[in-house]
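See below for the structure under consideration.
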Amino acid sequence: MRLALRALQKQLEVVRLREYLLMSGFAVGGAVLRVPMQAVPSAEPLSFFALLSGWLFGKKKGFLVGAGSLYLSNFMVFGGQGPWTVAQAFAFGVVGFLGGFLRKKSTVIEVITVTIIATIVWEIMMNVASSLLFGFNILLAFASAVPFTLMHLASNTGFAFLLKPARALVLTKGGLHEKEVCKGLIARIKRRLHS
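Going by our numbering, the letters in the sequence shown line up with residues 14 to 208, in that order.
Listed below in structure tokens is the structure:
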């Protein structure tokens, strides 16, 4: 029993390592894909990867992927790093955090709803940050952002349709479904050892 317990604990460590590797891949992938997408104002892949990470790995890890992918991408895009980076990274982190509210078996409607809420929260945070950083009137900041907000909502809603199949693919190909199995078996063995 103890040998089986140790083997399961090692397998759980391997699955957790896979999670961190996937999170790193999502952060880098989002950052790299943001570069060619600059041609389309307010269309960006960072929300997709942040939401997917939150859904797969939980709120905290979703926050890390969202913030990390923005920070990395700002080294490669026009405008780059600046005083706005902290606000942007925090806002994309919040998007990933909100992805953690999706249930394991969320429907497409639930995924789209969370995506729209996350996009609106991001827009509010960035408009407030812009008005504070650059001394704009806050109402003017929101009014001037309307076309960009609409484009951001449209592109993120389009990406939202890909979230559910992407999650299924990552769970299957990444072997992440093993995590729950390992945890369940570990708990069962520990109960037997302590009884």
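No residue lacks a Cβ here, since even glycine has one placed at the ideal position from N, Cα and C. For clarity, every value in this text was computed on a predicted model and none was experimentally measured.
- Under the three-state reduction of DSSP output, Ala142 falls in the helix class.
- About 16 Å separates the beta carbons of Met138 and Val159, which is beyond the 8 Å limit, so they are not a contact pair.
- Gly148 sits away from Gly109, with the two beta carbons spaced by 8 Å or more.
- If you draw a 10 Å sphere on the C-beta of Val121, you find fewer than 16 other C-beta atoms in it, and that means exposed.
- If you draw a straight line from the Cα of Phe70 to the Cα of Val124, it comes to about 15 Å.
- The Cβ atoms of Ala142 and Trp97 lie closer than 8 Å to each other.
- Around the Cβ of Asn140, a 10 Å sphere holds 16 or more other Cβ atoms; the residue is buried.
- Within the same chain, Val28 come within 6 Å of Lys192 by CB-CB distance, once the 5 residues on both sides are set aside.
- For Thr170, same chain residues with a beta-carbon under 7 Å away, outside a window of 5 residues either side, are Ile125, Thr128 and Ile129 in chain order.
- Under the three-state reduction of DSSP, Gly79 is assigned to helix.
- Put simply, of Glu136, Val41 and Trp135 the residue whose alpha carbon is nearest the alpha carbon of Met89 is Val41.
- Contact check for Pro49 and Phe161: beta-carbon distance about 18 Å, past the 8 Å limit, so the pair fails to qualify.
- The shortest C-alpha to C-alpha distance from Phe114 to any of Ala131, Trp135, Met164 and Thr185 is the one to Ala131.
- Where Phe39 is concerned, the enclosing alpha helix (DSSP H) starts and stops at Arg15 to Met50.
- The Cβ atoms of Phe62 and Val45 lie no closer than 8 Å to each other.
- Judged by DSSP secondary structure, Val107 falls within the alpha helix (DSSP H) whose first and last residues are Trp97 to Gly112.
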